[in-house]
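Undergrad:
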Amino acid sequence: MEEKHKLLKKITDEMNGASALLAGMAASESDDMWSLATMTGILADYWQKIYDAYQNEQPVAFTNFGIPTELFYAMDIMPIVVDVLAANAAQYGLAHTYNDIASEKVPEYLCSNNTILLGALLAGDVALPDIMVHPANPCDSNMGTYPVFSEYFKYPYFMIDMPYTTTEKSIPYVVNEFKRLIVLLEEKTGRKLDYDRLREAMAYSNIVHDNVLKLGKLREAVPSPYSSMEVMAEIGIVMCTSGTKGAADYFQKRHDIIKENVENKKGHLASDEEKLRVVWIYGAPTFDMGIYEWSEKEHGALLVSQMNNNYVMKPVKDISDIDHILAGLAEKLTLMPMTRECGGPWENYLDNSIDLLRRYKADVGIFGGNVGCKSNWAIAKLVKDKIQEELGIPILNVELDLFDDRIASSDTIKGQLGDFFSMVKNNKGV
Ligand code: SF4
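Each residue of the sequence shown is one higher than the one before, starting from 384 at the first, in our numbering.
1) Considering only the alpha carbon of each residue, which of Asp-513, Glu-487, Asp-523 lies closest to Gly-726?
2) Using a 10 Å radius around the Cβ and a threshold of 16 neighbouring Cβ atoms, would you call Ala-403 buried or exposed?
3) Can you tell me where the beta strand (DSSP E) holding Pro-668 begins and where it ends?
4) Can you tell me the Cβ-Cβ gap for Tyr-665 and Phe-750, rounded? I've got them flagged as a contact below 8 Å.
5) So Tyr-456 and Glu-397 are supposed to be a Cβ contact under 8 Å. How far apart are they, rounded?
6) Closest by CA to Ser-654, which one among Glu-679, Arg-563, Lys-636, Leu-774?
7) Scan the stretch 470-527 and note each continuous alpha helix (DSSP H) run of 4 residues or more that stays entirely inside, going in chain order.
8) What is the DSSP secondary structure of Tyr-633, counted as helix, strand or coil?
9) Let me check you understand the geometry: is the CB of Gly-449 closer than 6 Å to at least one non-hydrogen atom of ligand 1?
10) State yes or no: is the C-beta of Asp-788 within less than 7 Å of the C-beta of Ser-610?
11) Ser-533 and Met-515: beta carbons closer than 7 Å?
12) Per DSSP, Met-542 forms a beta bridge with which residues?
13) Indicate, with yes or no, if ligand 1 has a heavy atom lying under 6 Å from the CB of Gly-812.
14) Among the residues of its own chain, which have a CB less than 8 Å from the CB of Glu-773, if the five just before and after it don't count?
15) Leaving out the 5 sequence neighbours to the left and right, which residues in its chain are closer than 7 Å to Tyr-578 when beta-carbon positions are compared?
16) Using 8 Å for Cβ pairs, my map puts Met-721 next to Met-690. What's the rounded Cβ distance?
17) With a threshold of 16 other CB atoms inside 10 Å of the CB of Tyr-547, please say whether the residue is buried or exposed.
18) Near ligand 1, which residues have their beta-carbon closer than 5 Å to a heavy atom?
19) His-682: which of Val-557, Leu-800, Met-526 sits nearest, CA to CA?
20) Check each candidate in Asp-513, Lys-488, Pro-512 and name the one with the smallest Cα separation from Gly-502.
21) Going by the CB atoms, is the gap between Pro-608 and Glu-657 shorter than 7 Å?
22) Which of the three DSSP states, helix, strand or coil, is assigned to Pro-606?
23) Identify, in the order they occur along the chain, each residue of the same chain with its Cβ nearer than 8 Å to the Cβ of Leu-740, setting aside the five sequence neighbours on each side.
24) With a Cβ-Cβ cutoff of 7 Å, do Pro-451 and Leu-712 count as a contact?
25) Using the three-state DSSP reduction, which class does Asn-693 fall into: helix, strand or coil?
26) Thinking just about the alpha-carbon of each residue, which of Gly-798, Leu-601, Gly-449 is nearest to the one in Met-622?
27) Could you check what DSSP says for Pro-555 in three-state terms: helix, strand or coil?
28) Enumerate in chain order the residues of its own chain whose CB-to-CB distance from Asn-497 is below 6 Å, with the five nearest sequence positions on each side excluded.
29) Look at Asp-746 and Leu-659 and say whether their C-beta atoms are less than 7 Å apart.
30) How far does the alpha helix (DSSP H) with Met-408 in it extend, from its first residue to its last?
31) Grab me the residues of Ala-427's own chain with a C-beta within less than 8 Å of its C-beta, minus the 5 sequence neighbours each way, in chain order.
32) By DSSP, does Ser-625 sit in helix, in strand, or in coil?
33) Rounded to whole angstroms, what is the Cα-Cα separation between Gly-650 and Arg-602?
34) Run through DSSP, which three-state label would Met-672 get?
35) In chain order, what are the residue ranges of uninterrupted beta strand (DSSP E) at least 3 long that sit wholly in the stretch 741-773?
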């Protein structure tokens, strides 16, 4: 049984080790250290619970970045967000291995997000889930691979269908999809949806989303109160643990700290050190988080926002009954970062990118063009030109793979970023 969990064991051990190390440092150091230590602790706990669920034969679901996790926590089904699984595999140096294994079965031009999962499954390093659930938006790569994986490995699968465009009819349609999902989850896992547990999970996620919205507003401040690492790391907490007490407590405390810092004009970098405010308007590499710290240290180029942490969903006001909760979850599903921007017509991506750059007072934007994302590469130049025209903000298009450094290594990416940052700083005279 153990060998089926090789990847989970690796992630759990690494996370627990990092959590213990950071917890010791956080006791005597800054708020930044508290934040990183607490986030690492929450994620270590998340992976440990997944590992334990497999060991104890409790239900586990593969989900993805577009799926709200509250329903799963309410049903005691541990959600493995497969994109976070791929990112962790990449961080621990396993992307090459799994992508190579996958390439024996599927074309190499598919998104690594999908192929890392396939490689890990083929290697037998991740045990099969009780079900996989993902939404129809935003990409063909998920739609083209996840149903095939489920058929090949023979585990249940459910795609939450959603309209291409969002209209007043979308929410009732997606609510109906959630109702069908609940029936299937109950059938496949033997777990009955307990409405009190669902209300509890929604209450926790309301605290998360309320504070995430407020924090998003506070992060617009100059100088920015967040480090680049925090901008990146908080995405994982929202994606994997919304609906849990740990996430709710973290974001509540985090808001209090950041609010005070902004009121005192205390930035992560001092005002004169914050040379460039950077927004990654598409994906951002996950295999080396050091790229963001390097940008900060070498160029004063601070990551102030990124498409994947542009959470705009509001708390669900009425959680008194199942209909209102499902309507809230349906709305959340349509507003998930990347789903909102990259599903539907291209204006969804363009308008949200312009809004993001404008709100965060960006000096530059980076389009982290994942080679597997065909649709967004098709409009990358159009978007770059439109942004330049409307905001006068330069955009750098970088060809890379978000998870596998063989398309563009850390050094290659740093080289491109470094030239770009130097040129913009030179032009601005900073
Ligand atoms: S990175 Fe792009 S292609 Fe890959 S799963 Fe995300 S949206 Fe789809």
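Yeah, the Cβ is synthetic: ideal placement off N, Cα and C, and Gly gets one too.
TA: Result, derived from the coordinates:
1) Along the sequence shown, one-based indexing puts residue 726 at 343. Closest option to Gly-726, Cα to Cα, is Asp-523.
2) Here the question's residue 403 lines up with position 20 in the sequence shown. Exposed, since its Cβ has fewer than 16 Cβ neighbours within 10 Å.
3) By one-based count along the sequence shown, residue 668 stands at place 285. Per DSSP, Pro-668 belongs to no beta strand (DSSP E) and is neither H nor E.
4) Your numbering for residue 665 matches position 282 in the sequence shown. Your numbering for residue 750 matches position 367 in the sequence shown. Yes, they are in contact, since the Cβ atoms of Tyr-665 and Phe-750 sit about 5 Å apart, within 8 Å.
5) Start at 1 with the first residue of the sequence shown, and residue 456 comes out as number 73. Start at 1 with the first residue of the sequence shown, and residue 397 comes out as number 14. So it is not a contact: roughly 24 Å between Cβ atoms.
6) By 1-based counting over the sequence shown, the position of residue 654 is 271. Ser-654 has its Cα closest to that of Glu-679, out of Glu-679, Arg-563, Lys-636, Leu-774.
7) 478-485, 495-506
8) The count along the sequence shown starts at 1 and reaches residue 633 at position 250. DSSP places Tyr-633 in helix when its eight states are reduced to three.
9) On the sequence shown, position 66 is the one that residue 449 refers to. Outside the cutoff, so no.
10) In the sequence shown, counting from the first residue as 1, residue 788 sits at position 405. In the sequence shown, counting from the first residue as 1, residue 610 sits at position 227. The answer is no: Cβ separation not under 7 Å.
11) Position 150 of the sequence shown, counted from the first residue, corresponds to residue 533. Position 132 of the sequence shown, counted from the first residue, corresponds to residue 515. Cβ atoms of Ser-533 and Met-515: closer than 7 Å.
12) In the sequence shown, the residue the question calls residue 542 occupies position 159. Its beta-bridge partners are His-517.
13) Numbered from 1 along the sequence shown, position 429 holds the residue referred to as residue 812. Result no, Cβ not under 6 Å from ligand 1.
14) Mapped onto the sequence shown, residue 773 falls at position 390. Around Glu-773: Ile-737.
15) Within the sequence shown, the letter at position 195 stands for residue 578. Excluding residues within five positions, the ones whose Cβ falls inside 7 Å are Ile-705.
16) On the sequence shown, residue 721 is found 338 positions in, with the first residue counted as 1. On the sequence shown, residue 690 is found 307 positions in, with the first residue counted as 1. So it is a contact: roughly 7 Å between Cβ atoms.
17) As a working note, residue 547 is residue 164 in the sequence shown. It counts as exposed.
18) Cys-494, Asn-496, Cys-522, Ser-524, Asn-753, Gly-755, Cys-756
19) As a first step, residue 682 is located in the sequence shown; it is residue number 299 there, counting from the start. Answer by Cα proximity: Leu-800.
20) The residue labelled residue 502 in the question sits at position 119 within the sequence shown. Closest by alpha carbon: Lys-488.
21) Within the sequence shown, the letter at position 274 stands for residue 657. Within the sequence shown, the letter at position 225 stands for residue 608. No, the pair does not count as a contact, with Cβ atoms beyond the cut-off.
22) Residue mapping note: residue 606 aligns to position 223 of the sequence shown, counting from 1. Three-state result, Pro-606: coil.
23) One-based indexing of the sequence shown puts residue 740 at position 357. The residues are Val-662, Ile-664, Gly-748, Ile-770, Leu-774, Ile-776.
24) For the purposes of this step, residue 451 is taken as the residue at position 68 of the sequence shown. For the purposes of this step, residue 712 is taken as the residue at position 329 of the sequence shown. Result yes, Cβ atoms of Pro-451 and Leu-712 sit closer than 7 Å.
25) Here residue 693 refers to the residue found at position 310 of the sequence shown. It is coil, neither helix nor strand.
26) Walking along the sequence shown from the start, residue 622 turns up at place 239. Out of Gly-798, Leu-601, Gly-449, Gly-449 has the C-alpha closest to the C-alpha of Met-622.
27) The residue given as residue 555 occupies position 172 in the sequence shown. It is helical.
28) The residue you call residue 497 lines up with position 114 of the sequence shown. Around Asn-497: Ser-524, Thr-528.
29) For the purposes of this step, residue 746 is taken as the residue at position 363 of the sequence shown. For the purposes of this step, residue 659 is taken as the residue at position 276 of the sequence shown. The answer is yes: Cβ separation under 7 Å.
30) Residue 408 sits at position 25 when you count from the first residue of the sequence shown. Note, Met-408: alpha helix (DSSP H), 389-409.
31) Counting from one through the sequence shown, the residue named residue 427 turns up at place 44. Hits under 8 Å: Thr-395, Met-398, Asn-399, Ala-401, Ser-402.
32) Translated into the one-based positions of the sequence shown, residue 625 becomes position 242. The answer is coil: DSSP assigns Ser-625 none of H, G, I, E or B.
33) Within the sequence shown, residue 650 is the residue found at index 267, counting from 1. Within the sequence shown, residue 602 is the residue found at index 219, counting from 1. If I take the Cα positions, the gap works out to 10 Å.
34) Numbered from its first residue, the sequence shown carries residue 672 at position 289. In this structure, Met-672 counts as coil in the three-state DSSP scheme.
35) 747-753
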